[in-house]
Amino acid sequence: MNWTCGVARDYVAETGLLGEGPLVAEEVGDGNLNFVFRVCRENDLRRSLIVKQAPPYIKVLGPDYPLTQQRLAVEARAMAIYNKLAPGFVPRTLKFDADAHVILMEDLRGYRILRSALMDGEIEPEVAAAVGTFMGTTHRATLAETASAQQLARYRQDFHNPEMQSITSEYVFTKPFQQDPTNRHTEGLDAIVADVRSDAALQAEIQHLRRRFNEAQQGVVHGDLHTGSVMVKGRETRVIDGEFAFYGPIAFDVGALLANYLLAWYAHAEADRVALLQSIEASWNAYGLSFGPSPQLQSIWRESIQFAGVKMLRRILGAAHVEDIESIEDVAERCAVETRAITCGRTLVIDPPRPEDLPARLVSA
Ligand SMILES: Nc1ncnc2c1ncn2[C@@H]1O[C@H](COP(=O)(O)OP(=O)(O)OP(=O)(O)O)[C@@H](O)[C@H]1O
Ligand SMILES: [Mg+2]
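Numbering-wise, my numbering comes out as the position in the sequence shown, counting from 1, plus 16.
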């Protein structure tokens with residue numbers, strides 16, 4: 017059965033979570049994988065909640081493209097642990113139904129996706145700092161080296177998410193760097209794209225990072241922490257969409273966030289760049305403060321910035337691009353932005369700069 021507004025409305029009515037009386041539903045999901053609806057009381061639209069339902073396939077592609085429904089169970093467990101370790105940084109979960117593959121959660125009414133806010137020039141370094149705090153807190157609290165054997169076994173079991181992890185492995189670390197029918201890039205980039213794919217030193221480093229992604233077991237990782245997985249209202253910040261969570265290399269989350277701010281830095285108007293750079297600095301500072309003093313921080317940074325480099329490249333060479341860049345209509349301008357972002361991404365992988373050297377690296381690309 018395909019979920020529709022009517023199905024979502026009847027489902028919520030049955031739970032009684034919005035009380036008695038008629039309900040209305042609208043689809044709010046602009047995502048690719050799942051159905052997302054807002055259900056409200058007809059006579060009091062402020063009483064509402066969000067329904068997220070995972071069909072056994074990729075929503076936008078249809079039943080010919082099967083995808084494990086276990087993704088929603090993983091998301092429910094991720095949101096549960098985040099609510100415990102970092103309350104206030106994620107929407108509250110109201111109910112998880114493993115049989116129907118449904119999560120009911122707090123409606124982040126008045127919030128919008130961070131990427132859209134950034135594109136509108138609403139750039140609050142406090143938001144990036146909040147995501148940094150969220151990551152540092154949850155990574156620190158779930159670290160393998162400080163967990164008991166029993167706790168560690170539990171994390172590995174709860175966040176065993178091989179199908180989703182292998183999608184990331186393929187679409188981030190593998191396909192973009194080979195010939196693949198899912199890849200696409202802006203016309204005018206053929207030469208630099210071919211150069212990236214044939215750069216042996218770069219490819220060796222990306223293979224190393226792919227192995228780290230697939231094998232490292234450090235902490236609970238959100239797994240998809242780009243600026244489309246964060247919702248904001250002014251400086252209020254919430255992280256959503258934990259279906260790619262796994263027990264893995266914590267730098268992967270930091271890298272995802274950094275990559276998306278870095279792509280924004282290249283894509284956006286000059287006037288936005290100071291605040292975007294401040295955001296990058298604020299997120300890493302907040303990460304360090306919440307993770308706490310540790311000799312590991314230096315290596316986490318190094319690996320994060322390398323993951324960020326790969327993620328920048330895959331957003332230009334691979335299947336999934338970012339709206340910040342896609343919205344540049346002038347092809348020559350888009351090509352120029354992407355060329356700089358590719359140059360930067362490559363150097364981040366090959367020769368990761370220290371935090372204080374990142375601004376100069378950005379400008380010189
Ligand atoms: N708790 C919430 N409150 C308000 N809006 C929400 C909430 N959760 C999700 N949304 C809206 O629904 C959209 C899709 O949500 P989400 O990213 O969780 O779905 P998805 O199908 O997993 O997406 P993707 O294909 O990007 O993985 C979000 O971009 C946001 O606009
Ligand atoms: Mg998702």
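Even for Gly, the Cβ is constructed at its ideal location relative to N, Cα and C.
Straight-line gap, residue i to residue j (C-alpha atoms, nearest Å)
| i | j | result |
| --- | --- | --- |
| L130 | R87 | 23 Å |
| E349 | W281 | 14 Å |
| S214 | W19 | 45 Å |
| D9 | I222 | Examination of residue 9 is not possible in this model, given that the chain is present from 17 through 381 alone. |
| Q312 | R377 | 23 Å |
| F51 | G45 | 6 Å |
| G32 | S380 | 58 Å |
| T153 | D367 | 28 Å |
| Y277 | R156 | 23 Å |
| Q136 | I321 | According to the sequence as given, residue 136 is Asp; it is not Gln. Those two C-alpha atoms are separated by around 26 Å. |
| G204 | T355 | 10 Å |
| T198 | P79 | 18 Å |
| S132 | A165 | 42 Å |
| L110 | L34 | 11 Å |
| V457 | D113 | This structure does not reach residue 457, given that the chain is present from 17 up to 381, and the question cannot be answered. |
| K249 | R128 | 7 Å |
| R200 | Q167 | 43 Å |
| V255 | P369 | 28 Å |
Residue i, enclosing beta strand (DSSP E) - first and last residue
| i | result |
| --- | --- |
| Y249 | Checking the sequence shown, residue 249 turns out to be Lys, not Tyr. Its beta strand (DSSP E) spans residues V246 to K249. |
| D136 | Taken as a continuous stretch (DSSP letters only), D136 belongs to no beta strand (DSSP E), as it is neither H nor E. |
| P79 | G78 to P82 |
| I66 | D60 to Q69 |
| A41 | L39 to E43 |
| T253 | E252 to V255 |
Element boundaries [alpha helix (DSSP H), containing residue i]
| i | result |
| --- | --- |
| Q194 | It is not in any alpha helix (DSSP H) - Q194 carries neither H nor E in the DSSP assignment. |
| R362 | V347 to I366 |
| V106 | Run containing V106: none; DSSP gives neither H nor E here. |
| T184 | P178 to T184 |
| I344 | Taken as a continuous stretch (DSSP letters only), I344 belongs to no alpha helix (DSSP H), as it is neither H nor E. |
| L218 | A216 to E231 |
| P375 | L374 to S380 |
| V209 | D206 to R213 |
| E36 | No alpha helix (DSSP H) holds E36; DSSP gives it neither H nor E. |
| L241 | First-last for L241: undefined, no H or E at that position. |
| R170 | A165 to D174 |
Cross-strand partners of residue i (DSSP beta bridge)
| i | result |
| --- | --- |
| V236 | Y263 |
| D113 | V118 |
| I97 | Paired residues: none, contrary to the question. |
| V55 | A41 and L65 |
| R156 | R156 is not bridged to any residue. |
| I74 | G78 |
| R128 | V248 |
On the three-pair Cβ rule with 8 Å, is the segment 52-61 touching the segment 83-102?
no
Using 8 Å as the cut-off, can you tell me whether the segment 225-240 makes contact with the segment 251-270, which would need three or more C-beta pairs spanning the two stretches below that distance?
By the criterion of at least three beta-carbon pairs nearer than 8 Å, the segment 225-240 is in contact with the segment 251-270.
Any chance you could list the alpha helix (DSSP H) runs of at least 4 consecutive residues sitting entirely within the segment 262-340, in chain order?
Qualifying alpha helix (DSSP H) stretches, in chain order: 267-283, 289-307 and 313-333.
So does the segment 141-148 actually touch the segment 285-298, counting three or more Cβ pairs closer than 8 Å?
yes
Pair every Cβ in the segment 61-75 with every Cβ in the segment 116-136, then say whether three or more of these pairs are closer than 8 Å.
yes
Three CB pairs or more closer than 8 Å across the segment 191-208 and the segment 164-172:
no
Count Cβ pairs between the segment 327-338 and the segment 357-369 that sit closer than 8 Å; are there 3 or more?
yes
Counting pairs of Cβ atoms below 8 Å between the segment 303-321 and the segment 339-357, do you hit three or more?
no
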